[in-house]
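J.: A single structure is presented below for examination.
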Amino acid sequence: MAKLRLKITKGNPIRYVSHLDYAGTIERAVRRAQLPAAYSEGFNPHMKLAFASALAVGVTSEAEYLDLELTEAADITLLEAQLKSQLPAGIELKAAKYVEQHSKALMAVVNLAVYEIDVLLTTDAVWENVKTIIDNFNSEIEVIYVKQSPKGRREIDIKEYLSEPIVVKPLADNQRKLIINLSIKITPSGSVKPVEVLAVLTDNFGLPVDKDAALINRIGLFVTDGKAECSPIEL
Amino acid sequence: MHPIDPVSPAILSRVMKPARYTGYEWNSVSKETNTDLVSFVLAMPDVYEVGMSNLGLKILYQLLNDRPDTFAERVYAPWVDMEAEMRAANIKLYTLETKRPVAECDIIGFTLQYELSYSNVLNMLDLAGIPVEAAKRDENQPLVVCGGPCAFNAEPMADFVDFFILGEGEEVIGEVAAAIAAWKQASKPGGKNGLLQQLAVLDGIYVPSFYEVEYHTDGQICALQLLVPAAKPVIVKRLIKDLDQVTFATKPIVPFIEIVHDRIMLELFRGCTRGCRFCQAGVLYRPVRERKMETLINYVQELVDNTGYNEVSLVSLSSADYSCLSPLITELITRFKQQGVSVSLPSLRVDSFSIDLAKQVQQVRKSGLTFAPEAGTQRLRDVINKGVTEENLTDAVSAAFSAGWSTIKLYFMIGLPTETDEDIEGIARLAQRVADLYKQIKGRKGAKVTVSVSSFVPKPHTAFQWFGQNSVEEIERKQKLLRSLIKDRSISLSWHDARTSFLEGVFARGDRRLGKVLLQAWQHGARFDGWSEHFRYNVYMEAFAAVGLDPAFYAKRDRELAELLPWEHLSSGVDKSFLAKEWQAAQQESFTADCRHKVCGACGVCQALDAKVVDWGQE
């Protein structure tokens, strides 16, 4: 038995695939690649595959991590080549390494997600206004977001989950386009989605952007102790 | 390389299941588009998850893309939310492969699986910016072709379609592609009409505009006029004599999102000659032709390697009838165990042999078993030639309960010919008997019996094609009666909407004049008629009234044997006289044996198509 940790992407072609379907896609690719994947016991065996953090529909990622259990520790460069040849459009294998068989689950150690959001300013918006709005948001101590779900209504304080102030900068060649950078904590008691932060920025703080057209990209997942951060593959 | 998506992220973030519209799936084919290539769009007038599950389209996609002269792409019906977005933003229907407008392609082919998908064909053409009526399309707009089981009564769709393909497509699709390629290369001599003249002489091709239908004053058909020399008096279906020799879908597209049949589909054979008199597929796909076990196992190996799926579903009209089924399952299970591949069998016969098979494939997991007695009394089962006794059912169910199953689903039909209230009572009695059997065998309650009752829709090319369908009121009365007779809490009952079945019946046996009704109903909002939440019965009834046609004329009317039927010129190879004989046998409750094992029933298909039954169990 061996545990293989993979760093893969979720690119634009598969932006709208859900986390569950993304996981199914990886499973089928692993089978096509004929990796020596381990399966659970019991009648309905499933591949032992564990992700660090689920990604929402519509969100791309440059850094998804997953642990795949193998029945044997085969040569890693060979496994990488096999898997690469079977990955569909939108998924790239960035790195792979064996980790300790009994290492903690990715989901239990990853506690920070960094996002970049591309948005378009509405036509009459001015950059100075944007800066003021972001400054206002950053200076608030508490920002409440109301989560409406089939399970009911829940109020959460967004600021509790933001590890740093939001950074916003216009793209050099196109002043109508903005890039928003967010660092979001993933805690045992939950987290907040980047789309929810964006909704608060537009709906409560009046950020003049088209939130429906926002392109959200996860640029990193990290393990941090509050001082230094490292990616799960560097652990 | 990656084309710019025609739909903006803002739209995709608003619609349900946006990955229906974005493509890039594993095994989807991309070719450099150039004007010499025949650009063929394969379409299903239903949503992505349904369209992607169709085996015929998978086969055609592979066959066409294997050809160097053709590039086949896909398109499915956008769901209503996406349609609204596309219309609001003036986005034309586009292909999933290159995202180019469907209207730029040479030919668009729809598979017609179900009468209530017709309005979606019109809607998709319109979304593509293509006039829905064939006569209004110009030389630069794509040809529209339809195939699938409903093509065997093409008439209600005749106004909208340039040509139809009858029967199995593996050979004829290549002939069509080659003809279009040659026609394009020669700078389209004679225009579209010139091409249709060439296509019309190919076996299995029907060009409806080359025919004119004349009617009696009572609405019945009096004659069919052939307007051009290329028009054949009878169009006979295409048939693959040796299924081991044609391409199978061994490299199907693997979708990112879950589809209806999200697994390997292995077609064991075509045809079923058990001869159930209500069954259209049993006539259209005659005779039975099996694939060799060796061929099937090689397909599974290729499919597992090419898709990464770990479930194989054995699909055929009656998979349990495959002559080498038991050795096949054993071989599949042993050979692919290492790769975690499981086998499933969607349809079961009502006998204990089936239970042994079910045990073999399901091993531990005891999901429900489904049986289809179809009718509640022996008398009525004899009428429909179901060839199943109550004892068969109780044996099978007892074996299932003993083996650990507790959930049984029973399929029935109501509205069958000669049916009386006694037959409806028989359904309730049979369901009760199944529930009681559980208690007898297990000594406790706990069975879950689901009774699913559909309303019988008489179909063309069957022994019941002359039968007047029960009215909506009659079906609803029978449904209520059945509801009142089922009291046991372990039995649950579900049924189909009677009005949906009525409309299905109208279009199933309709003639060309229904094109006007369909057009008007679509213009007034009909689409996704097969989806109950979108079915708009009144829109259709208003369209009938406006056009001046009576739907009951098509659905409810008993036909005389001598009547010229709208599909008379479209042949499955089975003689009308055979169907008439079966219609009489039904009324005498007399049994016709399966021609594959017993005596030939003289349906005529083998003679008409120079074909024969292929059964590897008898070799």
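Order-wise, the sequence lines are chains A and B. Position 155, counted from 1, in the first sequence is what the numbering used here calls 160; the numbers after and before it change by one each time, with no gaps. Position 80, counted from 1, in the second sequence is what the numbering used here calls 346; the numbers after and before it change by one each time, with no gaps. In this text, a Cβ means the ideal position worked out from N, Cα and C, and glycines have one as well. Owing to the predicted nature of the structure, the values given are computational and were not obtained by experimental measurement.
1) Can you tell me where the beta strand (DSSP E) with Met531/B in it begins and where it stops?
2) Check whether the Cβ of Ala130/A lies closer than 9 Å to any Cβ atom in chain B.
3) Scan the region 7-33 of chain A for residues whose Cβ lies nearer than 9 Å to a Cβ of chain B and list them as they occur along the chain.
4) Indicate the three-state DSSP secondary structure (helix, strand or coil) for Pro175/A in the structure shown.
5) DSSP has Tyr120/A in a bridge; who is on the other side?
6) Three-state secondary structure (DSSP) at Ala400/B?
7) Over what stretch of residues does the alpha helix (DSSP H) that includes Arg647/B continue unbroken?
8) Suppose the cutoff is 6 Å on Cβ atoms and the five residues either side in sequence are ignored; what does the same chain contact list for Val581/B look like?
9) Using the Cβ count rule (16 or more neighbours within 10 Å means buried), how would you classify Leu83/A?
10) Below 7 Å between beta carbons is the criterion; list the residues of the region 179-194 of chain A that meet it against any residue of chain B, in chain order.
11) Are three or more beta carbon pairs between the region 117-125 of chain A and the region 209-227 of chain A nearer than 8 Å?
12) Look at Val616/B and Ala662/B and say whether their C-beta atoms are less than 9 Å apart.
13) Just curious, the beta strand (DSSP E) that Phe56/A is in, first and last residue?
14) Since Arg2/A and Tyr575/B should fall inside the 8 Å C-beta cutoff, what is the C-beta to C-beta distance between them, to a whole number of angstroms?
15) What separation, rounded to the nearest whole angstrom, lies between the Cα atoms of Gln91/A and Gly435/B?
16) Could you check whether the Cβ of Asn356/B sits closer than 9 Å to any Cβ belonging to chain A?
17) Give me the Cβ distance between Cys869/B and Arg552/B, rounded to the nearest whole Å; I'm assuming they're in contact under 8 Å.
18) Under a Cβ-count criterion, where at least 16 other Cβ atoms within 10 Å of its own Cβ denotes burial, should Phe476/B be classed as buried or exposed?
19) Drop a sphere of 10 angstroms on the beta-carbon of Pro518/B, count the other beta-carbons inside from all chains shown, and report buried for 16 or more, exposed for fewer.
20) Does any C-beta atom of chain B lie closer than 9 Å to the C-beta of Gln87/A?
21) Would a C-beta distance cut-off of 9 Å place Ile19/A and Tyr290/B closer than the cut-off?
22) Answer with buried or exposed for Thr766/B, where buried requires no fewer than 16 other C-beta atoms within 10 angstroms of its C-beta.
23) Less than 9 Å between CB atoms is the rule here; does Thr364/B satisfy it with respect to chain A?
24) Rounded to whole angstroms, what is the Cα-Cα separation between Met282/B and Ile523/B?
25) Return the residue from the list Trp833/B, Asn389/B, Met679/B, Glu351/B that minimises the CA-CA distance to Ala489/B.
26) Taking Cβ positions, are Ala774/B and Gly541/B nearer each other than 9 Å?
27) Buried or exposed: which applies to Cys235/A, given that a residue is buried once 16 or more other Cβ atoms fall within 10 Å of its Cβ?
28) Thinking C-alpha only, which one of Val410/B, Lys705/B, Ser720/B is nearest Ala713/B?
29) Identify whether Thr728/B lies in helix, strand or coil by the three-state DSSP scheme.
30) Find out if the Cβ-Cβ distance for the pair Ala57/A, Pro237/A is shorter than 9 Å.
31) Identify the contact partners of Gln328/B in chain A, using a Cβ-Cβ distance below 9 Å as the criterion.
32) Against Gly606/B, what residues of chain A qualify as contacts under a CB-to-CB distance less than 7 Å, listed in chain order?
33) Does DSSP classify Val630/B as helix, strand or coil?
34) Would you list, in chain order, the members of the region 570-604 of chain B that have their beta-carbon closer than 9 Å to a beta-carbon of chain E?
35) Pick out whichever of Glu77/A, Gly63/A, Ala59/A, Ala7/A has its Cα sitting closest to the Cα of Val115/A.
36) Looking only at its own chain, which residues have a Cβ that is under 7 Å from the Cβ of Thr573/B, when we skip the five neighbours before and after it?
T.: Taking the geometry as given:
1) Residue range 530-533 is occupied by the beta strand (DSSP E) that includes Met531/B.
2) Cβ-Cβ to chain B under 9 Å: no for Ala130/A.
3) Within the region 7-33 of chain A, the residues whose Cβ lies closer than 9 Å to some Cβ of chain B are Asn17, Pro18, Ile19, Arg20, Tyr21, Val22, Ser23, Leu25, Asp26, Tyr27, Gly29, Thr30, Glu32, Arg33, listed in chain order.
4) Pro175/A: strand per DSSP, three-state reduction.
5) Answer by DSSP bridge pairing, in chain order: Leu187/A, Arg223/A.
6) Reduced to three states, the DSSP call for Ala400/B is helix.
7) Note, Arg647/B: alpha helix (DSSP H), 644-649.
8) Non-local C-beta neighbours of Val581/B in its own chain, meaning closer than 6 Å and more than five positions away in sequence, comprise Met531, Glu533, ordered along the chain.
9) Leu83/A comes out exposed.
10) Listed in sequence order: no entries.
11) Three or more beta-carbon pairs separated by less than 8 Å link the region 117-125 of chain A to the region 209-227 of chain A, which places the two stretches in contact.
12) Yes.
13) Looking at the DSSP string, the run of the beta strand (DSSP E) that includes Phe56/A is 54-56.
14) Because chain A is modelled from 6 through 240, residue 2/A falls outside the range shown and cannot be assessed.
15) One C-alpha to the other measures close to 31 Å.
16) Chain A, which has no Cβ nearer than 9 Å to the Cβ of Asn356/B, makes this no.
17) Contact holds; Cβ gap of about 7 Å.
18) Here Phe476/B is buried, its C-beta having at least 16 other C-beta atoms within 10 Å.
19) By the neighbour-count criterion, in which 16 or more other beta carbons inside 10 Å mark a residue as buried, Pro518/B falls on the buried side.
20) Chain B, which has no Cβ nearer than 9 Å to the Cβ of Gln87/A, makes this no.
21) Yes, they are a contact pair.
22) With a 10 Å radius around the Cβ and a threshold of 16 neighbouring Cβ atoms, Thr766/B comes out buried.
23) Between Thr364/B and chain A, the shortest Cβ-Cβ separation is not below 9 Å.
24) Looking at the backbone, the Cα of Met282/B and that of Ile523/B are separated by about 12 Å.
25) Residue Trp833/B is the option with its Cα nearest to Ala489/B.
26) No, these two residues do not count as a Cβ contact at 9 Å.
27) Taking a 10 Å sphere around the C-beta of Cys235/A, we find fewer than 16 other C-beta atoms and assign the residue as exposed.
28) For Ala713/B, the closest C-alpha among the options Val410/B, Lys705/B, Ser720/B is that of Lys705/B.
29) Note: Thr728/B maps to coil in three-state DSSP.
30) Their beta carbons are under 9 Å apart, which means Ala57/A touches Pro237/A by this criterion.
31) Within chain A, no residue comes near Gln328/B; the closest Cβ sits about 17 Å away, beyond 9 Å.
32) The answer, in chain order, is Tyr44, Pro50.
33) For Val630/B, the predicted structure reports a pLDDT of 44, less than 50, and the residue's modelled location is therefore unreliable. The matter cannot be settled from this model.
34) The displayed structure is made up of protein chains A and B, and chain E is not among them.
35) For the residues Glu77/A, Gly63/A, Ala59/A, Ala7/A, the minimum Cα distance to Val115/A belongs to Ala59/A.
36) Within the same chain, and ignoring the five residues on either side of Thr573/B in sequence, the residues whose Cβ sits closer than 7 Å to its Cβ are Pro518, Val520, Ile530.
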